[in-house]
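Protein chains in written order, with my numbering: chain P, 155 to 265; chain D, 41 to 155.
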């Protein structure tokens with residue numbers, strides 16, 4: 155069963171624009187929500203993560219917004235650049251145990 | 041530099057053959073994982089291990105086997121019983137199960153193709 159649903163499947167954004175990827179989860183016991191960035195032929199790399207006791211976390215151009223009541227969280231990429239073109243995965247776990255991944259979003263940033 | 045090394049990067053398997061994918065980490069992580077990645081399906085858990093000499097089945101363990109004889113190593117064997125093995129295989133590790141969620145560290149993957 156898919157415990158983390160991610161949308162959209164693909165996203166095209168102009169350089170300088172804002173990229174937004176959304177995820178929803180089912181299990182209220184999840185308490186750790188990371189985002190991973192994957193370039194073609196490479197393994198995913200941890201980008202940013204949040205815990206449910208905060209509603210937002212920002213690291214540079216990347217921001218996670220978290221809505222505990224709606225069981226949703228999203229990744230915002232500000233001032234998107236062509237180098238941000240990659241596949242992004244959201245995930246959820248209980249203290250790093252049994253991490254569940256979304257299906258991924260392929261982001262293309264056009265120059 | 042600490043990290044996870046997966047080898048080989050590309051692997052070709054003939055019908056009916058068993059093949060073994062290597063995964064080695066020097067991060068001193070307790071837990072290790074194997075995921076399979078197919079287009080549009082995200083990452084699906086095959087097996088995971090929390091400590092040496094112990095491992096658990098994930099969601100799609102059928103046709104796969106693993107061993108964990110050393111903390112640093114977690115090889116995956118794709119057996120002939122796996123009917124559709126063509127995929128990108130990712131190995132990951134984390135500090136410990138049930139500990140602070142530092143996230144997983146992934147290797148660069150092995151692309152397995154049946155010929």
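From the three backbone atoms N, C-alpha and C, an ideal C-beta is built for every residue, glycine too.
Return no unless some Cβ of chain P is closer than 9 Å to the Cβ of residue i.
i                     : result
residue 103 (chain D) : no
residue 62 (chain D)  : no
residue 46 (chain D)  : yes
residue 82 (chain D)  : yes
residue 87 (chain D)  : no
residue 51 (chain D)  : no
residue 67 (chain D)  : no
residue 146 (chain D) : yes
Counting only the same chain and skipping the five closest in sequence on each side, list residues whose C-beta sits under 7 Å from that of residue i.
i                     : result
residue 178 (chain P) : 159, 225, 226
residue 205 (chain P) : 185, 186
residue 45 (chain D)  : 64, 147
Could you tell me which residues DSSP pairs with residue i in its beta bridges?
i                     : result
residue 210 (chain P) : P:219
residue 243 (chain P) : P:190
residue 230 (chain P) : P:174, P:217
residue 202 (chain P) : P:189
residue 182 (chain P) : Paired residue(s): none; residue 182 (chain P) is not in a bridge.
Between residue i and the rest of its own chain, which residues show a CB-CB distance below 6 Å, the 5 nearest in sequence each way excluded?
i                     : result
residue 253 (chain P) : 245, 247
residue 103 (chain D) : 119, 121, 122
residue 146 (chain D) : 130, 132
residue 264 (chain P) : 168
residue 151 (chain D) : 50, 128
residue 210 (chain P) : 219
Using only CA atoms, which one of the options lies nearest to residue i?
i                     : options                    : result
residue 127 (chain D) : D:79, D:72, D:62           : D:79
residue 90 (chain D)  : D:145, D:134, D:154        : D:134
residue 255 (chain P) : D:152, D:45, D:81          : D:81
residue 171 (chain P) : P:197, P:194, P:215, P:192 : P:215
residue 239 (chain P) : P:181, P:208, P:180, P:190 : P:190
residue 193 (chain P) : D:153, D:154, D:149        : D:149
residue 124 (chain D) : D:143, D:56, D:48          : D:56
residue 74 (chain D)  : D:42, D:54, D:116          : D:116
residue 231 (chain P) : P:218, P:243, P:223, P:222 : P:218
residue 59 (chain D)  : D:83, D:88, D:144, D:106   : D:106
Strictly under 9 Å for the Cβ-Cβ distance: is residue i near chain D by that measure?
i                     : result
residue 211 (chain P) : no
residue 252 (chain P) : yes
residue 237 (chain P) : no
residue 261 (chain P) : no
residue 178 (chain P) : no
residue 199 (chain P) : yes
So, at 8 Å on beta carbons, what are the nonlocal neighbours of residue i in its own chain, with the 5 sequence-adjacent residues on each side left out?
i                     : result
residue 183 (chain P) : 248
residue 93 (chain D)  : 108, 109
Practice item. Taking only runs that begin and end inside the stretch 41-87 of chain D, name each unbroken beta strand (DSSP E) of 3 or more residues, in chain order. Key: DSSP assignment within the stretch 41-87 of chain D yields the following whole beta strand (DSSP E) runs of 3 residues or more, N-terminal first: 44-47, 50-53, 59-65, 71-77.
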